[in-house]
């Protein structure tokens, strides 16, 4: 575009007027202003209006300068087109992300609804199962303790039935606990707790069962330990599950020891046995839901397969840690770390 007053120009129309029209009608057009008479003020005005570059005509004609200016304009045009393409691509991707995010939000809300429905279903089923179990246990107790004489075989049958009812009740409780955990309805009420009291209560609860199996259930000497911050009811459940698990894998005449010690990040509770042991490759897997050991030496094949999974969730709610150690033929040990009151 030329901006001069030489012969052949359109009277009354300056180059800047043409520039204004170009930028309005063809905004992507690259414009180079050439002028022989334009002042610096005219050049500044043209740049403000959108000129991409300008050339001041000289004598003799400088072809190299013109080529350089045109080259810059072509490069800028390519960059502008590429920038526009990238901008449109970014806008398209952003729109896709917005759509995906909306879909994910909808799916997430749906999953929450399904989780609530599942928890409600399990709660209802568990409640409905508990009632007939309680009734059956009650009638079995009446028969066993009633006035009618019972022979040894009948008493044995009643004992087996009562044991099976207890296992069913425990499985119902396990399923209900996990459904509450999944739905976020399972909470812990942490208070100062003496670990020695936790160990003694656990031993008292299982002493008779262990004695029936001729298994020594002992408490190892514990040094003076600080109080831990824990829910006594929930941690009692953890200890029960760990001891029940040890009883399943410890043969007659075996030993189960309960202990605790101070460690840098709290108090470590240990349940150790000299039973069949655990494959090293299963140390993590045994905390998965419904997982059962593979070596086939379990002495009692009872339970829901949820006990250790529940232990892990309860310990997690205490901001603690739980893990297993052991080898086949060398027994196993379960470790739980609880935070102290002052931590």
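Numbering (our numbering), first residue to last: 608 to 950.
From the three backbone atoms N, C-alpha and C, an ideal C-beta is built for every residue, glycine too.
Fair warning: this is a prediction, and the values are worked out from it, not measured in the lab.
Do residue 800 and residue 847 have their CB atoms nearer than 8 Å? By 1-based counting over the chain shown, the position of residue 800 is 193. By 1-based counting over the chain shown, the position of residue 847 is 240. No, Cβ-Cβ distance for residue 800 and residue 847 is not below 8 Å.
For residue 813, does the count of other Cβ atoms within 10 angstroms reach 16, so buried, or fall short, so exposed? The residue labelled residue 813 in the question sits at position 206 within the chain shown. The residue in question, residue 813, is buried, as its Cβ has 16 or more Cβ neighbours within 10 Å.
Under a Cβ-count criterion, where at least 16 other Cβ atoms within 10 Å of its own Cβ denotes burial, should residue 842 be classed as buried or exposed? Here residue 842 refers to the residue found at position 235 when the chain shown is read from its first residue. Buried, since its Cβ has 16 or more Cβ neighbours within 10 Å.
Rounded separation between residue 653 and residue 691 - CA only: In the chain shown, residue 653 corresponds to position 46, counting from 1. In the chain shown, residue 691 corresponds to position 84, counting from 1. Distance between the alpha carbons of residue 653 and residue 691 is about 24 Å.
Does the distance from the C-beta atom of residue 865 to that of residue 806 stay below 8 Å? Locating residue 865 in the chain shown gives position 258, counting from the first residue. Locating residue 806 in the chain shown gives position 199, counting from the first residue. Against a cut-off of 8 Å, the Cβ pair of residue 806 and residue 865 comes out as a contact.
Measure the CB-CB distance between residue 867 and residue 802 and report whether it falls below 8 Å. Here residue 867 refers to the residue found at position 260 of the chain shown. Here residue 802 refers to the residue found at position 195 of the chain shown. Closer than 8 Å, so yes.
Ordered along the chain, which non-local residues of its own chain (more than five positions away) have a Cβ less than 6 Å from that of residue 784? For the purposes of this step, residue 784 is taken as the residue at position 177 of the chain shown. Only 917 meet the Cβ criterion.
For residue 815, count the other beta carbons within 10 Å of its own beta carbon; 16 or more makes it buried, fewer makes it exposed. Which is it? In the chain shown, the residue the question calls residue 815 occupies position 208. When all chains shown are included, residue 815 counts as exposed.
With DSSP as the reference, label residue 752 as helix, strand or coil. What you label residue 752 is simply residue 145 of the chain shown in a count that begins at 1. If DSSP states are grouped into helix, strand and coil, residue 752 belongs with the helices.
With DSSP as the reference, please indicate the residues paired to residue 864 in a beta bridge. To locate residue 864, count along the chain shown from 1; it is residue 257. Answer is 825, 879.
Reference residue 776; option with closest CA among 735, 887, 894: The sequence position of residue 776 within the chain shown is 169, counting from 1. Taking only the C-alpha atoms, the option nearest residue 776 is 735.
Leaving aside the five residues before and after residue 701 along the sequence, list all residues of the same chain whose C-beta is less than 7 Å from its C-beta, in chain order. Reading the chain shown from its first residue, position 94 is the one you call residue 701. Cβ neighbours of residue 701 beyond the five flanking positions: none.
Answer yes if the segment 935 to 947 comes into contact with the segment 875 to 887, meaning at least three C-beta pairs across the two stretches below 8 Å, and no otherwise. yes
I need the boundaries of the beta strand (DSSP E) containing residue 941, first residue and last residue. Position 334 of the chain shown, counted from the start, is the residue given in the question as residue 941. First-last of the beta strand (DSSP E) with residue 941: 939 to 945.
Mapping DSSP to helix, strand and coil, what is residue 833? Walking along the chain shown from the start, residue 833 turns up at place 226. Coil at residue 833, not helix or strand.
Tell me residue 639's beta-bridge partners as DSSP assigns them. Start at 1 with the first residue of the chain shown, and residue 639 comes out as number 32. Partner(s): 660.
Separation of residue 890 from residue 884, as counted between CA atoms: Here residue 884 corresponds to residue number 277 of the chain shown, with the count starting at 1. Here residue 890 corresponds to residue number 283 of the chain shown, with the count starting at 1. The alpha-carbon atoms of residue 884 and residue 890 are separated by roughly 10 Å.
Which same chain residues, not among the five before or five after residue 892, have their C-beta less than 8 Å away from its C-beta? Within the chain shown, residue 892 is the residue found at index 285, counting from 1. Within the same chain, residue 892 has close Cβ partners 898.
Exposed or buried, what is residue 728 when buried is set at 16 or more other beta-carbons lying within 10 Å of its beta-carbon? The residue given as residue 728 occupies position 121 in the chain shown. Label assigned to residue 728: exposed.
Cβ pair residue 657, residue 638 closer than 8 Å: Indexing the chain shown from 1 puts residue 657 at position 50. Indexing the chain shown from 1 puts residue 638 at position 31. In this structure, residue 638 lies closer than 8 Å to residue 657 by Cβ.
Determine the DSSP secondary structure at residue 798, reduced to helix, strand or coil. Taking the chain shown and counting its residues from 1, one reaches residue 798 at position 191. Strand at residue 798.
So, residue 946 versus residue 804, is the Cβ gap smaller than 8 Å? Counting from one through the chain shown, the residue named residue 946 turns up at place 339. Counting from one through the chain shown, the residue named residue 804 turns up at place 197. Cβ atoms of residue 946 and residue 804: not closer than 8 Å.
Can you say whether residue 874 is buried or exposed, counting buried as having 16 or more other CB atoms within 10 angstroms of its CB? Here residue 874 refers to the residue found at position 267 when the chain shown is read from its first residue. Answer is buried; the Cβ neighbour count reaches 16.
Taking 7 Å as the cut-off, is the beta-carbon of residue 660 closer than that to any non-hydrogen atom of the ligand COA? Ligands in the displayed structure: none, and consequently the ligand COA is not present.
Under 8 Å, do residue 924 and residue 713 count as touching if we go by C-beta distance? Locating residue 924 in the chain shown gives position 317, where the first residue counts as 1. Locating residue 713 in the chain shown gives position 106, where the first residue counts as 1. No; because the gap between Cβ atoms is not below 8 Å, this pair is not in contact.
Measure the C-alpha to C-alpha separation of residue 748 and residue 768 and round it to an integer number of angstroms. Within the chain shown, numbered from 1, the residue matching residue 748 stands at position 141. Within the chain shown, numbered from 1, the residue matching residue 768 stands at position 161. Each residue's Cα considered, the two are about 10 Å apart.
In angstroms with no decimal places, state the Cα-to-Cα distance between residue 636 and residue 693. Locating residue 636 in the chain shown gives position 29, counting from the first residue. Locating residue 693 in the chain shown gives position 86, counting from the first residue. Roughly 19 Å between the two C-alpha positions.
Have a look at residue 921 and residue 709 and give me their C-alpha separation to the nearest angstrom. The residue labelled residue 921 in the question sits at position 314 within the chain shown. The residue labelled residue 709 in the question sits at position 102 within the chain shown. Taking the straight line joining both Cα atoms gives about 34 Å.
Span separating the alpha-carbon of residue 931 from that of residue 886: Counting from one through the chain shown, the residue named residue 931 turns up at place 324. Counting from one through the chain shown, the residue named residue 886 turns up at place 279. Taking the straight line joining both Cα atoms gives about 10 Å.
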